[in-house]
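The block underneath contains the structure these notes are about, expressed in structure tokens.
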């Protein structure tokens, strides 16, 4: 899916601002499921200096300085991003394009009918659907219970949440794992018993991490009410949990608090979501908003050394996924508790990832320091749409503005 995003932010100051320094997180980056085709930043008035650099999380940050007095500031980020349906299982290392399916890379001698799709293999591995629903029609009847069975093979993405928690316990001399940075409390997300208690029903003993996280997402979506303007940017996540309402930022912070309070690594994701206008209503420029969700890290862990190697009769898809999983070492699985959607690398093809961090404070779209100005007002407009549709909207708006300008004004 090709999407164009316009994100416009304008400040209007009560008095002149003499000097300003600003930092932006408005530039999307390439991921396994999205590629940036074009991106521009327009700042008015013209900055005296402007630069860009990556932060510790790999996000693109833009910096600019204004040294002339000004009473308003407008920043417009214009991005064109190609998105892909999220992979049901991570087939390649982060940053590379996701393969359409694993069956194409399976041995040529394997029958296409005998190998389930990657989606089916993923659903079966994660225990999120009944095994019968994830099994290909060519699967034979189950063997007799009297027949000897080989030791169970545990796919690495099936690790229980307890195994993942144990994996991330501190051990002196253990190799550094970058995901461990997302285990700890952050400015907007404390670790707290209230979070752990809310999450506990989803994390029964022996539950695979992803199945438990999915259940937690479902509970947040079911029990918390999405209520615009019910919270502020700095509303504590524990307060949002107690009042059982908030916006996408609150839902993400609550889920992060729950996961980290159980010793599991999870990060905050900011971005955009393609929305549909109400039936019979046209899409309006600036009517969308930025969005937020959660990403959970899944390290590839084998249950035992014996179960780390798939048996010879394992279907080609699962065997291939196992081999590639060992090469990657782990991956991020995204959950959107606001909309009850999830997927590897992204909750869906209609999502665009902008930046990742420990919480909102790491990825604020725009922040800065100004000298002067007094009180100010803020205007933010976000539009997400297919390029042709957005171009038509812009042309229509420009035409309407021209018509208003050409209309004779009544005498004063």
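In UniProt numbering, the protein residues as written are 1 to 412.
Glycine residues also receive a C-beta, built at the ideal position from the N, C-alpha and C atoms.
Predicted model only: the values in this text are computed from it and were never measured.
### Query
In the DSSP assignment, what residue or residues form a beta bridge with residue 42?
76
### Query
Sorted by chain position, which residues of the same chain lie with C-beta nearer than 7 Å to residue 231's C-beta, five sequence neighbours on each side aside?
240, 246, 247, 250
### Task
Only counting runs of 4 or more residues, tell me where the alpha helix (DSSP H) segments fall wholly within the stretch 327-370, in order along the chain.
360-363
### C-alpha gap between residue 297 and residue 367, whole angstroms
28 Å
### Task
Whole angstroms is fine: what's the gap from residue 193's alpha carbon to residue 260's?
11 Å
### Message
Between 374, 15, 85, which has its C-alpha nearest residue 343's C-alpha?
### Response
85
### For residue 238, the first and last residue of its enclosing alpha helix (DSSP H)
237-243
### Query
Can you tell me the Cα-Cα spacing of residue 268 and residue 408, whole angstroms?
52 Å
### Message
Quick check: what's the CA-CA separation for residue 38 versus residue 242?
### Response
42 Å
#### Entry: residue 373 versus 50, 69, 63, 36, residue with shortest Cα-Cα distance
69
### Task
Would you kindly report the start and end of the unbroken alpha helix (DSSP H) that includes residue 161?
161-167
### Which of helix, strand or coil DSSP assigns to residue 64
strand
### Query
Ordered along the chain, which non-local residues of its own chain (more than five positions away) have a Cβ less than 6 Å from that of residue 292?
248, 249, 252, 270
#### Entry: Distance, residue 34 Cα to residue 392 Cα
24 Å
### Query
Going by Cα to Cα distance, which pick from 352, 265, 274, 6 is closest to residue 428?
Residue 428 lies beyond the range of the chain shown here (1 to 412); nothing can be said about it.
### Message
Taking its Cβ as the centre, do 16 or more other Cβ atoms sit within 10 Å of residue 184, making it buried, or is it exposed?
### Response
exposed
### Query
Can you pull the DSSP bridge partners for residue 295?
267, 334
#### Entry: Residues near residue 198 in its chain [Cβ-Cβ closer than 7 Å; skip 5 each side]
241, 258
### Query
Under 9 Å between the Cβ atoms of residue 354 and residue 290?
yes
### Query
Roughly how many whole angstroms lie between the Cα atoms of residue 60 and residue 285?
25 Å
### Query
Based on the DSSP output, what are the partners of residue 389 in its beta bridges?
Bridge partners of residue 389: none, in fact.
### Message
Beta-carbon within less than 7 Å of residue 256's beta-carbon, same chain only, minus the 5 sequence neighbours each way: which residues are those?
### Response
189, 266, 268, 294, 359
### Query
Can the beta-carbon of residue 24 be found less than 9 Å from the beta-carbon of residue 382?
no
### Query
Is residue 209 helix, strand or coil when you go by DSSP?
helix
### Task
If I'm right that residue 380 touches residue 9 with Cβ under 8 Å, what's the distance once you round it to whole angstroms?
5 Å
### Query
Given residue 73, which residues of its chain have a CB within under 6 Å of its CB, disregarding the five upstream and five downstream residues?
11
### Task
Ignore the nearest five residues each way along the sequence and tell me which others in residue 220's own chain have a CB closer than 7 Å to its CB.
251, 254, 255, 337
### Task
Go ahead and label residue 212 buried or exposed: buried means 16 or more other beta carbons lie within 10 angstroms of its beta carbon, across all protein chains shown.
buried
### Task
In the DSSP assignment, find the unbroken beta strand (DSSP E) run with residue 262 in it and report its ends.
Taken as a continuous stretch (DSSP letters only), residue 262 belongs to no beta strand (DSSP E), as it is neither H nor E.
#### Entry: Sub-9 Å separation of residue 77 and residue 40 beta-carbons
yes
### Task
Could you say which of 21, 17, 244 lies nearest to residue 65 if we only look at CA atoms?
21
### Query
Mind checking residue 83: buried by the 16 CB within 10 Å criterion, or exposed?
buried
### Query
Just checking my contact of residue 357 with residue 63 at CB under 8 Å: how many whole Å lie between their CB atoms?
Incorrect: roughly 17 Å between the Cβ atoms, too far for contact.
### Query
Nearest-angstrom Cα distance between residue 227 and residue 275?
17 Å
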